[in-house]
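Protein chains in written order, with my numbering: chain A, 1 to 307; chain B, 1001 to 1280; chain C, 2001 to 2426.
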């Protein structure tokens, strides 16, 4: 018995030491992640059931589901959900159509195409806030575009002063600044398609469109799914452009949920309500995320069965 | 279709040229109007009379006491550097352990991390305030660095783990036989092999830190005296968006350096992004 | 000892100060029991201010420079990180880094416990409108004068060309005049986007509203009046004017300073604005036309001119939790009692103050006259002091609702939206 015990303790000590080393490698990342990302989500859930103005001398007061009722009953907030959904959906479609189309045109590597890629990508490095200010100066009632139209005798257009126009102007500006990133993803996706497959299709007499439908599109499908949904998720949190381009106006028509949280509820000292809105957005993003994973798995299984 | 490849190519090039020009129009307008007076801008936003051009407004924007562009750049670049160093420093060893330990607990931990990729970071900023306040890091540069690092961890860890999994195990087993410790193995053997994916993570994280406005706006606040390029631009332009002699010069000065960096590095940036996207 | 020190610092800056006030300040420094008994004037004071076209960073730096020189206090001017001080201050309170002195906003139920009760400070006595803004007798905010809110600036040349000989006193006359201005080729009435859309409608309506429903904010708070119903007639006027093309729908996307520019440029007939526009006009220099100003019309049968909306100008509040109480108090005392400081503030932003020595421009004199003739000065927006709505954030929401009128909502929808919002947030 005793002999066995001693035999076991030696490796156990080593296992223990090994485990400590491993833990030491994971724990720092875990602590930071939990402390500043998971705990805040927990706080958000907690505050979402309270009435709290955020000031140090006030204690959050538990009010049950009231904040969630308000989130879904207040027309201000439901309107901003519709805006957010429209931006995410229309923005994702627009960004991906533009990106895919241009990726097909720019896929060969030569000087001209490199220039083209740089030109398509550069708005992204300007940051969304700057892009918003720049386009505000272009599209405002007395901005560059309307001044030009005035000069050629055309009446001005309400790019930012009519609710419908303003929303679509904003979606256009977001797409303008964002599609370059997706373009790079599609270019990478296109490079993974074996050239001989396309060659073979051509030899079989397939036209360009037929080749695209029969070879390129199926091979690109996983990239497309992922790209649409990841861009959708990043569009769900649209905030910066709203701040600099429209300020949420006119008449609240471009208020996204993130804007409503950070620029309306928070300054309005409604920490509870802002938290409930945040939780709703997190759930929406999670639903989207699971959709990505599910669709992706299905796409991969499909691809495997073909292979 | 293949009958007129030359014609097709010409149409393609013409189309792309027009589109590129359209993409560059806002830049063109930004550049020329930075040298003009308000009246000039309102009258002729699309052309520039070189004899009337002036650098007066650019000088004023450069000397704006609310927003010193070199200071904003220095702080933002510092932020980018700190976030990347900490994020990569924490994620490489963590990803190594998670990738090399095929136990359910570690798979679970990895999934727990990955779930964070789908938290829209801007909307949890309010509770972050309360956490940082408790840590007395609210309104400080370290507070901002830590929060932004935390937001980069899920993605970085996810792609690193995926990358390490396909690296041959024989490498670190050989190191272990030679008596090398785990830490040595991670940094001296595995890390050098991770260069492409580290580059990708570096680029993506840098872009997101660089472009972020909400986090520095909320965490730094007006009292800290610290601003990034985005919050500085907001302070300098936000209240005066109709004064084009402030808007155009400030925006121009704010974007020139990053555009130069981008154009100089474009090959690496594009390649890095592409490398990551195939893996991710 | 510290009292002496405080007094010395104070006398050093007394160059432009009314000496009586200074003496009173010294005498009371010790007995007020507040921060200045144990603190010393010095160190750093953070002041959160609104930055605007004419009140920019350098204006504020210049304003406090004499104070800094005399006391050695370093005053740090901070602009808002949000849209304005009203949005930024509560965020800072939540973040635990609120400034020591807050300019431009007024106390409300939430912020009151965070603010210093200034009631017992001797120099607060007699400052303009201080008692109007007192809540249950407690004074949390002091200012340097009044800003007249309900003014209609007009282009006299345009009026002549349109054949209008007298400024309108009723809404029917006003509407008729807008029509004539339009026929004469002018933009009849200039409005603007952002915060200004709602503000202008309120400004125009203060006299009528406060004649029909005196202290309407309290009536709404007591649930005796529906705010939507009270505002409905004015929403209707706006809807009519929008239909008739007297107000451009595009204005809702227009920057307020561009709107100022349009009026100054001479294409505009009337422009509802507050008294601060006097300063803008002055900065604009020689204009191609003559500017006049009148009090907004009222309903037929009501007395003209009606009550004037007024707000305390340059309001200052002190954070009760400030770490530098003595200096924060000294700074606010300087800002509201020092003659040079008052004069600087008066002339910078079209502020009016009884018996001030500041020379008024001709247009400024007309404004002063409107102020003198007004039967009463009334609370605007959310209200002040004890005449307050039971909600905060009224102005941004109100602007959003008025913008709805520009974008196709009916007056009744706007009124309902207002009532819904108040009952949701009460």
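Just so it is clear, CB atoms sit at the ideal spot from N, CA and C, and this is done for glycine as well.
How would you list, in chain order, the residues of chain C whose beta-carbon sits under 7 Å from the beta-carbon of residue 160 (chain A)?
-> 2253
Considering residue 128 (chain A), what are the terminal residues of the alpha helix (DSSP H) in which it resides?
-> 128-139
Is the CB-CB distance between residue 1102 (chain B) and residue 1186 (chain B) below 8 Å?
-> no
Keeping to the same chain, check which residues put their C-beta closer than 8 Å to that of residue 1190 (chain B); ignore five residues upstream and five downstream.
-> 1092, 1096, 1164, 1167, 1171 and 1172
Under the three-state DSSP convention, the category residue 2165 (chain C) falls into | Annotated three-state conformation of residue 2165 (chain C) is coil, per DSSP.
Identify which residue in C:2107, C:2151, C:2160 and C:2144 has its Cα closest to the Cα of residue 2134 (chain C).
-> C:2107
Ignore the nearest five residues each way along the sequence and tell me which others in residue 290 (chain A)'s own chain have a CB closer than 7 Å to its CB.
-> Sequence-distant partners of residue 290 (chain A) (beyond 5 residues in either direction) whose C-beta falls short of 7 Å from its own C-beta are missing from its chain.
Between the region 1126-1144 of chain B and chain C, which residues of the former have a C-beta closer than 7 Å to a C-beta of the latter?
-> 1129, 1133, 1138 and 1139
Is the CB of residue 256 (chain A) under 8 Å away from at least one CB in chain B?
-> no
Nearest neighbour of residue 2208 (chain C), chosen from C:2186, C:2231, C:2199 and C:2136 [CA to CA] = Minimum Cα distance to residue 2208 (chain C) is reached at C:2231.
Between which two residues does the alpha helix (DSSP H) containing residue 73 (chain A) stretch?
-> 66-73
At a Cβ threshold of 8 Å, is residue 12 (chain A) touching chain B?
-> Not flagged as an interface residue toward chain B: residue 12 (chain A), since no C-beta distance is shorter than 8 Å.
According to the Cβ coordinates, are residue 2380 (chain C) and residue 2311 (chain C) closer than 8 Å?
-> yes
Chain B contacts from the region 2077-2111 of chain C (Cβ-Cβ distance under 9 Å) | Residues of the region 2077-2111 of chain C that bring their beta carbon within less than 9 Å of a beta carbon in chain B comprise 2078, 2079, 2080, 2081, 2082, 2083, 2084, 2088, 2091, 2092, 2094, 2095, 2096, 2097, 2098 and 2099, in sequence order.
Closer than 7 Å at the beta carbon, the chain C residues around residue 1222 (chain B) | 2048, 2078, 2079, 2080, 2081 and 2088
Three-way DSSP call (helix, strand, coil) for residue 2425 (chain C) in this model | helix
Under 8 Å Cβ-Cβ, which residues of chain C neighbour residue 1257 (chain B)?
-> What residue 1257 (chain B) touches in chain C: nothing, since even the nearest Cβ is about 23 Å away.
What are the start and end residues of the beta strand (DSSP E) that includes residue 2048 (chain C)?
-> 2044-2048
Option nearest residue 2067 (chain C) by Cα separation, candidates C:2329, C:2282 and C:2222 = C:2329
Whose C-beta lies closer than 7 Å to the C-beta of residue 1154 (chain B) among residues of the same chain, with five residues either side of it excluded?
-> 1113, 1114, 1116 and 1117
Does the beta carbon of residue 2053 (chain C) sit closer than 8 Å to a beta carbon anywhere in chain A?
-> no
From this set, A:59, A:127 and A:227, which residue's C-alpha is nearest residue 183 (chain A)'s C-alpha?
-> A:227
Where do the ends of the alpha helix (DSSP H) carrying residue 1071 (chain B) lie?
-> 1069-1100
According to the Cβ coordinates, are residue 2313 (chain C) and residue 2102 (chain C) closer than 8 Å?
-> No, the Cβ-Cβ distance between residue 2313 (chain C) and residue 2102 (chain C) is not below 8 Å.
Just the Cα atoms here: how many angstroms apart are residue 2382 (chain C) and residue 1212 (chain B)?
-> Distance between the alpha carbons of residue 2382 (chain C) and residue 1212 (chain B) is about 34 Å.
Local conformation of residue 2133 (chain C) per DSSP, three classes | coil
For residue 2282 (chain C), collect the residues of the same chain with a Cβ closer than 7 Å to its Cβ; drop the 5 residues on either side in sequence, then sort them by chain order.
-> For residue 2282 (chain C), where only same-chain residues beyond five positions count, the Cβ hits under 7 Å are 2361.
Between the CA atoms of residue 287 (chain A) and residue 265 (chain A) - distance to the nearest angstrom | One C-alpha to the other measures close to 24 Å.
Use the C-beta contact count for residue 2301 (chain C): other C-beta atoms within 10 angstroms, 16 or more gives buried, fewer gives exposed.
-> Burial call: exposed.
Evaluate contact between the region 47-65 of chain A and the region 260-275 of chain A, counting only Cβ atoms and requiring at least three cross-stretch pairs below 8 Å.
-> yes
Exposed unless 16 or more other CB atoms sit within 10 angstroms - verdict on residue 57 (chain A) | Exposed, by the Cβ-count rule.
So, residue 277 (chain A) versus residue 253 (chain A), is the Cβ gap smaller than 8 Å?
-> no
Using DSSP with H/G/I as helix, E/B as strand and the rest coil, what is residue 2032 (chain C)?
-> Caution applies to residue 2032 (chain C), whose pLDDT of 31 falls short of 50 and renders its modelled position unreliable; the model cannot decide the point.
Beta carbon proximity, residue 295 (chain A) to chain C, threshold 8 Å = So no, residue 295 (chain A) is outside the interface.
Pair every Cβ in the region 199-212 of chain A with every Cβ in the region 138-151 of chain A, then say whether three or more of these pairs are closer than 8 Å.
-> no
Please list the residues of the region 1154-1184 of chain B that have a C-beta atom closer than 8 Å to any C-beta atom in chain C, keeping them in chain order.
-> none
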